[in-house]
Ligand code: GLN
C-alpha cells in the first residue's frame, strides 16, 4: 500500500471511507514525518495533541456516519490564520506569544469540514517576501535540491514557504496559504505543488492577520488539482464578519472538475514574454500551449498593455495598506512589549525590536506614499494604474476564457541569493502580481523540471468567480504533464 503520507487527499478520503486506515493512523504518520523533517523548519508551532484529538473525533464521526468534506485529513495552517488557543505569530517577533481567543473563519470552516490541524507553518514576516527568508523564526528550506549544486539549500518560495515545503515534503496532505501578490502560486511553483488563489472575496479574511487588505486572499496548497479544489471548497464561503467577502455560494468544484476544455480559448499575454527569461521556462510555456491545443483548446494572442506597471503599483499599494494595518502593533494589545521611558518610548522600542528589516522597509515606504503631499502622486496614482491593469484583463477576456503564463521567472534559488537587492526579490512576482491587483483567480500547476532538476509551474489566470475553468485547465495540464517527480529527500525516506 502507498505510504499514508504519500496519498492524495482524494485517495485518503477513500481509504478512510473503506476503513483501510483510521484518521488517527493517518495523522500519526504525518506527525512522525514532521518530527523527522524538522531541518526544513516548515513549522513554527507543531500541534500534535490537537491533531490527535481532532483525528479521534473524526474517527468517531465516521463511525456514526456524519462526515464533512475533509473529515480526518491532516493539513497544515499558515501561521497567518488566527487559531483559537494556539500561538499565531505571522512570522514576526512582535506577535511572538500571541494566543488568539478566536478562530479565523477559514480555519473554522476547515475544522467544520473535519480537517485535522498538524501545526502552524512558517512564513515570511507578515507575509512580506518571496523566499521565506524574512521570518523571525528562521528560513524555511525547500525539500528540493538543485542537482547541479546539491550542497546549497534552496528557498521554498514565499511568503507561504512553510506550507509549500510541508506539502512537497509529504508532511501534510494539504495546507492553507495566503496570496497578496503571489504568495501561494510562486511557492507552489518552487516546490512542485499545486497552489490556488481564488477570486478576491471568495474566502473570508476575518481572523487572518492583515498585510494588504485589498489584495490578501486565502487559498490552498495540495499535490493535485482535485485536492486543491477540495481544500478550497472547505475554506471558502460568505462571511458576514468580513464586508469584502462575497455573497456567493461555493460551487462544488471537485465534483464538476474535468479535463474537457474543448473549444475554450486560452490567451497568451505577449507582455509576459520577458527578456532574459530562462529557456526552460520559455519552453515549458510553449509545451503548455501544445498540451492545451491537443486537448481541443484554441490558443489566442492577447495583450495586457499595462503589465509593466503592475509591480511598481503593487509596491506602493501593498506597503501603503501594510503601514496602516501594522499600526496596531504597539506593544499594548498583542504579543511583544519592550518597555521605554514613557508611552512613546514603549511604542518605539516595541516596534524597533519587534519588526524585521523588510517589514520596516515597507512601513516606511507605505507611510511615505500615504503622507500629505505625496498621497496623490503615489498612492492615488497607483490606484489609477491598478484600475488600468484590471481593465486590461477585462478586455483580454473579450477574446479568451483564461490565460496561460509561467508562474515565476525562475526556479527555486539558493537561500541568500537575491538578498542584496530588494528589487531583485520583488521581480519574482512579475507574473503573479497583475492578477492579484485585478482580484482574479490564479493557480500554479507543476508542469516539468528544469535542467537543474527543479520543478517549474505554469499559471492559469481566470475570470472573476470562474475558478472552475481555472481548475479544469489545471487538471488538463496535470494530466498532460504527468508530473510525478518528488524531492530527493522524500524519495530517500520512502526507500
Ligand atoms: N512576494 C510578494 C511580497 O513580498 C507577495 C507576498 C504575498 O503574496 N503575501 O509582497
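Numbering (my numbering), first residue to last: 144 to 638. All C-beta atoms, glycine included, are put in the ideal place defined by N, C-alpha and C.
### At least three beta-carbon pairs within less than 8 Å, the segment 589-600 to the segment 370-386
no
### Query
Does DSSP put residue 547 in a helix, a strand or coil?
strand
### Query
Closer than 6 Å: is that where the CB of residue 271 sits relative to any heavy atom of the ligand GLN?
yes
### Query
So the beta strand (DSSP E) residue 221 belongs to, where does it begin and stop?
217-221
### Message
In chain order, what are the residue ranges of uninterrupted beta strand (DSSP E) at least 3 long that sit wholly in the segment 572-597?
### Response
585-592
### Message
Whole angstroms are fine: how far does the CA of residue 326 sit from the CA of residue 628?
### Response
23 Å
### Message
Checking the sheet assignment: what are the DSSP bridge partners for residue 442?
### Response
409
### Message
Looking at the ligand GLN, does it come within less than 6 Å of residue 324, judged from the CB to the closest heavy atom?
### Response
yes
### Heavy atom of the ligand GLN within 6 Å of residue 639 beta-carbon
Shown here, the chain extends from 144 to 638; a query on residue 639 therefore has no answer.
### Query
Based on the DSSP secondary-structure assignment, which residues constitute the bridge partners of residue 430?
None; residue 430 has no bridge partner.
### Task
Could you check what DSSP says for residue 631 in three-state terms: helix, strand or coil?
helix
### Message
Going by DSSP in three states, residue 340 sits in which element: helix, strand or coil?
### Response
strand
### Query
Among 435, 164, 445, which residue has its Cα nearest to the Cα of residue 543?
445
### Query
DSSP puts residue 456 in a beta bridge; with which residues?
DSSP, once it has assigned bridges, lists no residue as partnering residue 456.
### Boundaries (first-last residue) of the alpha helix (DSSP H) holding residue 333
328-334
#### Entry: Counted within 10 angstroms of its Cβ, other Cβ atoms place residue 245 as buried (16 or more) or exposed
exposed
### Query
Taking 6 Å as the cut-off, is the CB of residue 572 close to at least one heavy atom of the ligand GLN?
yes
### Task
Let me know the secondary structure DSSP gives residue 320 once reduced to three states.
strand
### Query
Do the segment 417-433 and the segment 542-557 make contact, defined as three or more Cβ pairs closer than 8 Å?
yes
### Task
Figure out for me which residue from 408, 250, 271 has the closest Cα to the Cα of residue 362.
250
### Task
Tell me whether residue 451 is buried or exposed, calling it buried when 16 or more other Cβ atoms sit within 10 Å of its Cβ.
exposed
### Task
Counting only the same chain and skipping the five closest in sequence on each side, list residues whose C-beta sits under 6 Å from that of residue 632.
286
### Task
Measure from the alpha carbon of residue 495 to the alpha carbon of each residue in 292, 479, 509, then state which is nearest.
479
### Task
State buried or exposed for residue 365, treating a residue as buried only when at least 16 other CB atoms are found within 10 Å of its CB.
buried
### residue 486 (DSSP reduced to helix, strand or coil)
helix
### Query
If you count every other CB in all the chains shown that lies within 10 Å of the CB of residue 475, and 16 or more means buried, which is it?
exposed
### Query
residue 478 lies in the alpha helix (DSSP H); which residues open and close that run?
Premise fails: residue 478 is in no alpha helix (DSSP H) and is neither H nor E.
#### Entry: Nearest-angstrom beta carbon gap, residue 396 and residue 614 [assumed within contact, 8 Å]
6 Å
### Query
Which whole runs of the alpha helix (DSSP H) in the segment 346-382 are 4 residues long or more, in chain order?
368-378
### Query
Cα separation between residue 300 and residue 423?
18 Å
### Query
What does a CB cutoff of less than 8 Å around residue 618 pick up in its chain, not counting 5 residues either side in sequence?
368, 369, 400, 401, 402
### Query
Whole-angstrom Cβ separation of residue 556 and residue 297, contact assumed at under 8 Å?
7 Å
### Query
Comparing alpha-carbon positions, which option in 456, 602, 354, 607 lies nearest residue 234?
354
### Task
Output the boundary residues of the alpha helix (DSSP H) element that contains residue 507.
500-513
### Message
Between the alpha carbons of residue 441 and residue 212, how many angstroms are there, rounded?
### Response
35 Å
#### Entry: 7 Å Cβ cutoff met for residue 259 and residue 170
yes
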